[in-house]
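Numbering (this note's numbering), first residue to last: 5 to 537.
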């Protein structure tokens, strides 16, 4: 425990007498300092017990003593010791009154008690307190190390740290999600610190922040410290500790030890994850090369369960491929969701793309879909607000498949990704492409250019007023070449329609008996007029 004025008063060898400020004797004393200056404030740091004999001040002058004591209190001096029998036989009443008015503890020091005895007592107590703090810090370090090696890992470490600090502790992963908290009720408080954790993660590691009691996650006067984890520039996680007072020496030792241990654990986990990622990339390459047997052999226990059930292939790309961009966030989302659900997942970066192979109906797929929809909603809101939105992540999701269909699933995901890009969507599933209309796919500049070139001669003919060849062609194709039905739709005789179709063939130089020609003309008409015609 830190030394207090009460401890000094109760020290039998010092024989100190309290003359004023008895209600503040529980104030800690940081140091004892002797000064006979009329104004010692410039040399004070705060927390001192000032010892004087009043050699250069008039201790009997009430106004001078009021000014003197007021300056000491404002400088953070916690007590004043006055030696009697040197310049004054007793403590002057003016000084006693001034100390009482300001609530400054005033101690009478008898002549037979040298100031050196008081400074030695304060120094010995400070050394003992420091030794106790260091010893407690080392003991906390040993306990935290044992906890880090326990099967529970970070959860056990957080529990020991919270108990040592008499507060709470929480751990966030690289995405900013709370992965562990102690005691359990602290998870709710930690979750509300998301914005502060996000700001810390955006700073180069190592970084720290202190949040006062008015922070979102702080309650009941909590003081929260955030510490980033990671040995590189990128933050791998964040540690949060909440206490009701600033950390002392022992508490600081404990937090620093926890940061070191969690950083070591995180970096070790990252190295393991990198090795697993390389193995996962090899498994994916074998699946896409139609070698499911070899893929299963390489997958082993790590990814083997993923190949035993239907899975989905997800292909994503984005303009921003950095770790903090949407593509990196999508990969972190998949890995975090899979980790929490204890399900395997393959996340393989491929240049400006990320390929994810995850269990159908599992947490990773659901998390990726939810993330993409959130991005799409945010992009839509930005477009309405600003009149446009920057292109971001686009995701294509395959239909469920197994190891023998991995190549097909990858192709499906790429097709869905292509559609997502054309439509300005963040997510398109293969089912949408397979069951929806092909017409929206025609909204492409290259398709429109082809359609315009194919039909240009017919439009130029109609512009001269010599017939409605384009409208007649559309009606005839819509009726599958049925002359009477198409002529009725146009309100003309079937012979007139036959004449127009011959003119179409002559102008285009192509036969309408060819089904490929009919298909191209029909798609060209759709591409230039839209689905409403």
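Where a beta carbon is used, it is the ideal one built from N, C-alpha and C, also for glycine.
Minimum Cα-Cα distance from residue 512 among the listed residues 269, 485, 497, 459 corresponds to 459. Per DSSP, residue 72 has no beta-bridge partner at all.
Taking all protein chains in view, the Cβ of residue 231 is crowded by 16 or more other Cβ atoms within 10 Å, so the residue is classified as buried. Burial is judged here by how many other beta carbons sit within 10 angstroms of a residue's own beta carbon; residue 480 has at least 16 and is buried. Between residue 148 and residue 186, the alpha-carbon positions lie close to 14 angstroms from each other. The C-alpha of residue 246 is placed about 28 angstroms away from the C-alpha of residue 339.
Close CB contacts of residue 531 within its chain, under the 7 angstroms cut and outside five residues either way in sequence, are with 446, 451, 452, 455 (chain order). Counting C-beta atoms within 10 angstroms of its own C-beta, residue 189 has fewer than 16 neighbours from the protein chains shown and is therefore classed as exposed. Leaving aside the five residues that flank residue 47 on each side, the residues in its chain whose CB is nearer than 7 angstroms to its CB run, in chain order, 39. Residue 38: member of the beta strand (DSSP E) spanning 35–38, first to last residue. In this structure residue 413 is not in contact with residue 435, their Cβ atoms being roughly 13 angstroms apart against a cut-off of 8 angstroms. When only Cα atoms are considered, residue 195 and residue 171 end up about 16 angstroms apart. If you ignore the 5 residues before and after residue 429, its C-beta comes within less than 8 angstroms of the C-beta of 380, 398, 423, all in its own chain and listed in chain order. A distance below 8 angstroms separates the beta carbons of residue 348 and residue 310. The three-state secondary structure of residue 189, taken from DSSP, is coil. Taking 8 angstroms as the cut-off, the Cβ atoms of residue 367 and residue 333 do not count as close. If you check the CB distance, residue 303 and residue 287 come in under 8 angstroms.
The stretch 73–90 makes contact with the stretch 106–125: 3 or more CB pairs, one atom from each, lie closer than 8 angstroms. Ranking 421, 527, 408 by CA distance to the CA of residue 292 puts 408 first. If you compare the alpha carbons of 415, 19, 361, 426 with that of residue 312, the shortest gap goes to 361.
Boundaries for residue 61: no alpha helix (DSSP H) harbours it, and the DSSP string shows neither H nor E there. Contact between residue 483 and residue 489 holds, since their C-beta atoms are separated by about 4 angstroms, short of 8 angstroms. With fewer than 16 other Cβ atoms from the protein chains shown falling within 10 Å of its own Cβ, residue 16 counts as exposed. DSSP places residue 249 outside both helix and strand once states are collapsed to three, so it counts as coil. Rounded to the nearest whole angstrom, the CA to CA distance from residue 289 to residue 491 is 57 angstroms. When the Cα atoms are used, residue 70 and residue 79 turn out to be separated by approximately 14 angstroms. Of all alpha-carbon atoms in 56, 105, 93, 179, the one lying nearest the alpha-carbon of residue 77 is that of 105.
Straight through space, the alpha carbons of residue 239 and residue 209 are spaced by roughly 5 angstroms.
Only residues of its own chain outside the window of five on either side were considered, and among them 47, 60 have a CB closer than 8 angstroms to the CB of residue 41, listed in chain order.
Residue pairing of residue 8 in beta bridges, as defined by DSSP: 32.
For the pair residue 204 and residue 265, the Cα-to-Cα distance works out to about 19 angstroms. When the alpha-carbon of residue 477 is set against those of 501, 495, 496, 517, the nearest one is in 501.
Each residue's CA atom was taken as its position, placing residue 522 and residue 499 some 20 angstroms apart. Under the three-state reduction of DSSP output, residue 313 falls in the coil class, being neither helix nor strand.
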